[in-house]
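Right, one structure below, let's go through it.
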Amino acid sequence: EDQVTQSPEALRLQEGESSSLNCSYTVSGLRGLFWYRQDPGKGPEFLFTLYSAGEEKEKERLKATLTKKESFLHITAPKPEDSATYLCAVQASQDSSYKLIFGSGTRLLVRP
Amino acid sequence: ETGVTQTPRHLVMGMTNKKSLKCEQHLGHNAMYWYKQSAKKPLELMFVYSLEERVENNSVPSRFSPECPNSSHLFLHLHTLQPEDSALYLCASSQELINQPQHFGDGTRLSIL
């Protein structure tokens, strides 16, 4: 069964304290892995798409990487405005492959 | 307007009411989606439309009825809902069904009394 697991469930950081969020996936063939940010009361905001192992994408303080089994979202020198829930989703290369399978998310709190 | 717009943002209804959620996308996308987001659970895909044709009905109870009159608009008609249907309902769109990111609206927070 296709599955996405995110860890940790919650993470508290001091401003400037770099860290990484993990997204482990089990799918029979990966079409793409997507990272989203969700603020309270808002819908998920698209951040990155990764398609193949070894691929990396960067945006400001965020960097996403991909291996054959997991993806990391590295946050360098975070600021309080980076506080949000970060969601990972995968699209599998099989029947009904347009489905995005979401993880439960990591709630990030960055304290000043 | 840009992006994906959902109305209303909040809705409180009784179990016997009938209401509709509306979604409009201004991105020129071909696919649209309805998701349910409950507390501490992953997003659950409900319905998928591609070029106004329904391509997925993910075992959703018949008290939820989707409608896609054109590629820019998506509705979710609600009737005889249950308390466990209280959740955030999110609409999304993507350029194509495969290999494309989905872009989300801010959702409708639904509360069933």
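So the protein sequences, as listed, match chains A and B. Note that my numbering numbers the first sequence so that position 102 is 1308, with each residue one more than the last. Note that my numbering numbers the second sequence so that position 79 is 316, with each residue one more than the last. Backbone N, C-alpha and C fix where the C-beta goes; we use that ideal spot for every residue, glycine too. Since this is a predicted model, take the numbers as computed values, not measurements.
Could you tell me if Ile1307/A is buried or exposed, where buried requires 16 or more neighbouring beta carbons within 10 angstroms of its beta carbon? Residue environment: Ile1307/A is assigned as buried (16 or more neighbouring CB atoms within 10 Å of its CB, all protein chains considered).
Segments of 3+ residues assigned as beta strand (DSSP E) that fall wholly inside the segment 282-336 of chain B: Taking only runs of at least 3 residues, the beta strand (DSSP E) segments lying wholly in the segment 282-336 of chain B are 290-294, 301-307, 310-316, 324-331.
Opposite Met390/B in the DSSP bridges: which residues? The first residue shown for chain B is 238 and the last is 350, placing residue 390/B beyond what the model contains.
Checking contacts by CB at 8 Å: is Leu327/B closer than that to chain A? Answer yes: the Cβ-Cβ gap between Leu327/B and chain A drops below 8 Å somewhere.
How big is the Cα-Cα spacing for Ser1234/A and Leu327/B? Per the coordinates, the alpha-carbon of Ser1234/A lies some 27 Å from the alpha-carbon of Leu327/B.
Compile a chain-ordered list of the residues in the segment 327-343 of chain B whose CB is closer than 9 Å to at least one CB of chain A. Result list: Leu327, Cys328, Ala329, Ser331, Glu333, Leu334, Ile335, Asn336, Gln337, Pro338, Gln339, His340, Phe341, Gly342, Asp343.
8 Å CB neighbourhood of Glu293/B in its chain, flanking five on each side removed: Excluding positions up to five away in sequence, the list reads Leu282, Phe284, Val285.
Inter-residue spacing [alpha-carbon to alpha-carbon] between Thr345/B and Tyr1304/A: Thr345/B and Tyr1304/A: Cα-Cα distance of roughly 23 Å.
Residues within the segment 264-280 of chain B neighbouring chain A, beta-carbon criterion of under 8 Å: Cβ contacts with chain A come from Ala268, Lys277, Lys278, Pro279, Leu280.
Glu1251/A - DSSP class collapsed to helix/strand/coil: Reduced to three states, the DSSP call for Glu1251/A is strand.
Which value, in whole angstroms, describes the spacing of the CA atoms of Leu1253/A and Asp1288/A? Taking the straight line from one Cα to the other gives about 13 Å.
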